[in-house]
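Position in the sequence shown (first residue = 1) + 1071 = our numbering.
First up is the structure itself, then whatever we jot down about it.
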Amino acid sequence: MQSANEKEQRIKELESENKILLEKIKHLEHNVEALTQAILHATKQRFGASSEKTPQTEEQCSIFGEGAEDNAALIDVPVITIKEHKRPVRKKGDREKLTAELPRETIECVLNSEEAKCEICGSDMKIIGKKKVRSEMEYIPAKLVMKDYVQYIYKCIDCGENDEHPYDVIRSAPVPAPVLTHSIASPSIVAWIMYQKYMMSVPLYRQERDFRRMGAPLKRDTMANWVIRSADYWLKPLYERMHAQLLKCQIIMSDETTWQVNHEEGKKASSKSYIWIHRSGSCEGPPIILYEYTRTRSGEHAKEFLSGFQGFHVSDAYDGYEKVEGITRCLCYSHLRRYYIDAIPLDSGKKEIPGSGGSIGRAYCDKLFRLERKWKELTPEERKKNRLIYSVPVLEAFFAWAESTFTGQANLSKALKYTLNHKKYFSNFLLDGRIPLSNNLSELAVKPVAITRKNSLFSDSVEGAIASAVIFSIIGTATANNLDAFKYLEYIFRQLPNLSFAGDDTILDEYLPWSEKVQQECRIRSSNTDTDGKGLCGESA
């Protein structure tokens, strides 16, 4: 039999083991909860609503002691109730506004001479009136034609025939220079291929099918060659002029995304390369959006591209931007806000559980965005003044809350750490009223790259990747300046081959998207356009 001491020792051992097991269970339960939340958030992100709008609840307003009057006023739109759903009343004239810029044709429905006879007496009938029955929007399919340029040569009929002028005088009619020598490529077809791939995200293999349907079996390798050469000859000089203009801005916003290149020296085909986005702020001058292809995500690339820039730089907290010299970093609150959204616990129905630290952090971000929306019509000077009066107290309360909050939840801990580690950069928007609160405009500019990447998968060569970045830049900047991207590309390919700009690239300034000449030739006339970049300085989350 065991002695009392042995029993007591055994009890202590079991209690110790039990304590260890309880700690393990607690740790495992914590991990299970964390993984469950990760799955719920991932499912919601993939299959739920894509909007990041905050659900409006009384609890959210009570964090700052606000009432409903702080919320944006709803637009009073009359509605008609039909059975069990409501439909907004369509305003008269909407259809006319939608089609105002389209050419119009009139189809007159008349009787022929035989039909225009009275069925009673046989006399001729005369027109006594007419009415408009309906309007239709018709699609006219594109077609391909071959154009043969024939140059005429002229000779003076008198010179060479007498002693006074013994030599022949010969003159040839000028011929427009081609976009590519020794090629059947025209400005319009190269512009169309680029527009389809980089604006509409139609990969070359699909375009190959479409050209075959139209009677021209163009190979995708041929189209790729046209795209790369045309971008290098005619678009890259414009890109470099826009780069020089961008560096003169006071605010530059940046982001980056992955890109794949099949044949790149020293790298596997499956390895990641990058496309960087650098764009001007929305409060200064015409919008400029530039993309740059690089082998890696090293901050040295940003340092080189932004060399000479001395203003405010808006981005996420990627530390590669620390290598850029002479800038004042300003971090994106939309990015910070997503950290807190990920920290909000969800129930089994993927609905947010109220009262969490994540919802409090998001509410602070939302408060700052609501203030910005109120000031979006103000001048930068007025906005800066209001920020110092109203945003500073919110910011101080936010940082104080973050410093005093302790949690075992991994996502909330990550959000708090992100906030406090970059407190200075999150405060720098107070320095200038032109600095946006978020980097949303740059993130929007990533979207065309992401969609093209999804459809086209990769670039086959480094030259193709560089050309892609240049074309994204030209199309993105053209669109942001309210140009028809296809018209602009075609215009450039018709004009620049006939222009001598070697040694004086300032000549190209007349062909930049915001120049008066280009605006007259290529501007989208319709008022129903979205330029993705010409908005006001004020932003929303």
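Note that beta-carbon positions come from the ideal geometry of N, C-alpha and C, so glycine has one too.
Predicted, not measured: the structure shown is a model, and the values here were computed from it.
Counting C-beta neighbours from all protein chains within 10 Å, is the total for Asp1326 16 or more, i.e. buried, or is it exposed?
As a position in the sequence shown, residue 1326 is number 255, starting the count at 1. Result: buried.
Next on the checklist: Considering only DSSP beta bridges, list what Ser1386 is partnered with.
Outcome noted: Working through the sequence shown from its first residue, we reach residue 1386 at position 315. Ser1386 is bridged to Leu1402.
### Message
Determine whether the beta carbon atoms of Tyr1404 and Ser1509 lie at a separation below 8 Å.
### Response
Position 333 of the sequence shown, counting from 1, holds the residue named residue 1404. Position 438 of the sequence shown, counting from 1, holds the residue named residue 1509. It is a contact, given that the beta carbons lie within the stated cut-off.
### Query
What is the DSSP secondary structure of Thr1365, reduced to helix, strand or coil?
Here residue 1365 refers to the residue found at position 294 of the sequence shown. In the structure shown, Thr1365 sits in a strand (DSSP, three-state: E or B).
key: Same chain, Cβ closer than 6 Å to Ser1544, neighbours up to 5 away in sequence not counted   = Position 473 of the sequence shown holds residue 1544. Excluding its 5 nearest sequence neighbours in each direction, Ser1544 has C-beta neighbours in its own chain below 6 Å: Tyr1310, Leu1361 and Tyr1362, listed in chain order.
**Request:** Pull up the distance between the alpha-carbon of Leu1466 and that of Ala1540, whole angstroms please.
**Result:** Indexing the sequence shown from 1 puts residue 1466 at position 395. Indexing the sequence shown from 1 puts residue 1540 at position 469. Cα-Cα distance, rounded: 38 Å.
Check: Between Val1240, Met1217, Arg1524 and Glu1077, which lies nearest to Gly1231 when the distance is taken from Cα to Cα?
Finding: If you number the sequence shown from 1, residue 1231 lands on position 160. For the residues Val1240, Met1217, Arg1524 and Glu1077, the minimum Cα distance to Gly1231 belongs to Val1240.
Those runs of the alpha helix (DSSP H) which lie wholly inside the stretch 1163-1219 and span at least 4 residues: List check, alpha helix (DSSP H) in window: 1165-1169.
- Task: Could you tell me the distance, in whole angstroms, from the CA atom of Met1196 to the CA atom of Glu1190?
- Result: Mapped onto the sequence shown, residue 1196 falls at position 125. Mapped onto the sequence shown, residue 1190 falls at position 119. Answer to the nearest angstrom: the Cα atoms are 10 Å apart.
Through-space distance from Ser1087 to Glu1079, alpha-carbon basis: Stepping through the sequence shown from its first residue, residue 1079 is reached at position 8. Stepping through the sequence shown from its first residue, residue 1087 is reached at position 16. Glu1079 and Ser1087 have their alpha carbons spaced roughly 12 Å apart.
| query | Just reading off the alpha helix (DSSP H) that Ser1427 is part of, what are its end residues? | reply | Here the question's residue 1427 lines up with position 356 in the sequence shown. Premise fails: Ser1427 is in no alpha helix (DSSP H) and is neither H nor E.
Taking all protein chains shown into account, do 16 or more other C-beta atoms lie within 10 angstroms of the C-beta of His1236, making it buried, or fewer, making it exposed? By one-based count along the sequence shown, residue 1236 stands at place 165. Exposed, since its Cβ has fewer than 16 Cβ neighbours within 10 Å.
Check: When DSSP labels each residue in this structure, what does Leu1554 get in the three-state scheme?
Finding: The count along the sequence shown starts at 1 and reaches residue 1554 at position 483. In the structure shown, Leu1554 adopts extended strand secondary structure according to DSSP, grouped into three states.
- Message: Under 8 Å: do the stretch 1286-1301 and the stretch 1255-1270 share three or more Cβ pairs, one atom per stretch?
- Response: Yes: at least three Cβ pairs fall under 8 Å.
Next item on the list: May I ask you to report which of helix, strand or coil DSSP gives Ile1522?
Entry: As a position in the sequence shown, residue 1522 is number 451, starting the count at 1. Helix.
| query | What is the rounded straight-line gap between the Cα of Gln1267 and the Cα of Gly1432? | reply | Here the question's residue 1267 lines up with position 196 in the sequence shown. Here the question's residue 1432 lines up with position 361 in the sequence shown. Gln1267 and Gly1432: Cα-Cα distance of roughly 42 Å.
- Query: Hey, out of Val1273, Leu1567 and Leu1099, whose CA is closest to Pro1308's CA?
  - Reply: In the sequence shown, counting from the first residue as 1, residue 1308 sits at position 237. Residue Leu1567 is the option with its Cα nearest to Pro1308.
Review point. What is the residue span of the alpha helix (DSSP H) that Thr1035 lies within?
Key: Because residue 1035 is not part of the residues shown, which for the chain are 1072 to 1612, the question remains open.
Margin query: Taking DSSP's pairing of strands, which residues face Glu1335 in a bridge?
Written below: Stepping through the sequence shown from its first residue, residue 1335 is reached at position 264. Answer is Lys1338.
- Task: Please report the residue range of the alpha helix (DSSP H) in which Glu1396 lies.
- Result: As a working note, residue 1396 is residue 325 in the sequence shown. In this chain, Glu1396 is not harboured by any alpha helix (DSSP H), its DSSP state being neither H nor E.
Quiz item: According to DSSP, is Asp1281 helix, strand or coil?
Solution: For the purposes of this step, residue 1281 is taken as residue 210 along the sequence shown, with counting starting at 1. It is helical.
*asked:* Let's see if you can read the secondary structure: which residues bound the alpha helix (DSSP H) around Glu1581?
replied: Indexing the sequence shown from 1 puts residue 1581 at position 510. For Glu1581, there is no enclosing alpha helix (DSSP H), as DSSP marks it with neither H nor E.
In this structure, does DSSP put Thr1548 in helix, strand or coil? Within the sequence shown, residue 1548 is the residue found at index 477, counting from 1. Thr1548: helix per DSSP, three-state reduction.
Practice problem: Assuming Tyr1220 contacts Val1246 (C-beta within less than 8 Å), just tell me the rounded distance between them. | Solution: Here residue 1220 refers to the residue found at position 149 when the sequence shown is read from its first residue. Here residue 1246 refers to the residue found at position 175 when the sequence shown is read from its first residue. Confirmed, Cβ separation roughly 6 Å.
- Query: Do Arg1368 and Tyr1345 have their C-beta atoms within less than 8 Å of each other?
  - Reply: By 1-based counting over the sequence shown, the position of residue 1368 is 297. By 1-based counting over the sequence shown, the position of residue 1345 is 274. Tyr1345 is positioned such that its CB atom lies closer than 8 Å to that of Arg1368.
*asked:* Which residue wins for smallest C-alpha separation from Tyr1269, given the options Gln1590, Ala1551, Asp1580 and Gly1547?
replied: Here the question's residue 1269 lines up with position 198 in the sequence shown. Of the candidates Gln1590, Ala1551, Asp1580 and Gly1547, the one whose C-alpha sits nearest the C-alpha of Tyr1269 is Gly1547.
Sufficient close CB pairs (3 or more, under 8 Å) joining the stretch 1333-1344 to the stretch 1523-1539:
Counting C-beta pairs with one atom in each stretch, the stretch 1333-1344 and the stretch 1523-1539 have three or more that are closer than 8 Å, which means they touch.
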